[in-house]
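Residues 0 to 184 (my numbering) make up the sequence shown, in order. Scroll down for the structure; my scribbles are underneath it.
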Amino acid sequence: MAPTAPKKRPSIRAKSKSTTSTTTPTTSTLTRRRPSAVTSDKFISSKRDKRLIKSNSFVSRIEKTGSKKPLKRRRPSKKLVANLESLVDALPDVGEIEKGEVDTGERVKMTSLTSGRGLMKRRKKVEGRERERFGKNLGVLMAAGKGEGEGEKRVVASSTASRFKALRNWIGETMEKEKAFEGAE
0 MAPTAPKKRP SIRAKSKSTT STTTPTTSTL TRRRPSAVTS DKFISSKRDK RLIKSNSFVS
60 RIEKTGSKKP LKRRRPSKKL VANLESLVDA LPDVGEIEKG EVDTGERVKM TSLTSGRGLM
120 KRRKKVEGRE RERFGKNLGV LMAAGKGEGE GEKRVVASST ASRFKALRNW IGETMEKEKA
180 FEGAE
């Protein structure tokens, strides 16, 4: 995953300011709703006033949570810190690859059989079935290649060359050919 630019953290002063600035209904807001009410600095004890205080504090909490939440941005809109040069530096040089200094890895690992009980037995079964299937296919290919060139003198070639020839012959026999291209070999 590519690195992203760090976000700015709010200062301690900003944090303390946001916690102390909780809005509670003041006496002026209560008197606006009930102009006939006479209020003082003391706690309001009537049932109606308590109900107003509760509802106003609830409404202010709802309004505050909606406006304070930062917008969540999708991943592509985040700016990446890495640039093209740093990515190029992470890759090995072409000269090292040609010399063989970089380990490219010879075996392909089976990712579907990574962990669990009875893993080795399952892996052996799967590999055995794959080897058997590959052997059968190779036998079919070699049998198809031996049928051709009976009257000619055979030159002993490497095993890979004969396998590729058999593969080409088998593909040529099994592949669908367009009528317009049949005579153009």
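Built from N, CA and C at the ideal position, the CB exists for glycine as well.
- Here residue 85 carries a helix assignment [DSSP, helix/strand/coil].
- Note on geometry: alpha-carbon atoms of residue 125 and residue 118 lie some 11 Å from one another.
- By the neighbour-count criterion, in which a residue is buried when 16 or more other Cβ atoms sit within 10 angstroms of its Cβ, residue 165 is buried.
- With respect to the 8 Å criterion, residue 1 and residue 81 are classified as neighbours on the basis of their beta carbons.
- Distances from the alpha-carbon of residue 136 to those of 170, 16, 10, 85 put 170 closest.
- Counting the other Cβ atoms within 10 Å of the Cβ of residue 140 gives 16 or more, which makes it buried.
- Residue 92 carries a coil assignment under DSSP once its states are collapsed to helix, strand and coil.
- Our two residues, residue 83 and residue 4, have alpha carbons roughly 16 Å apart in a direct line.
- Here residue 60 carries a helix assignment [DSSP, helix/strand/coil].
- When only Cα atoms are considered, residue 94 and residue 159 end up about 29 Å apart.
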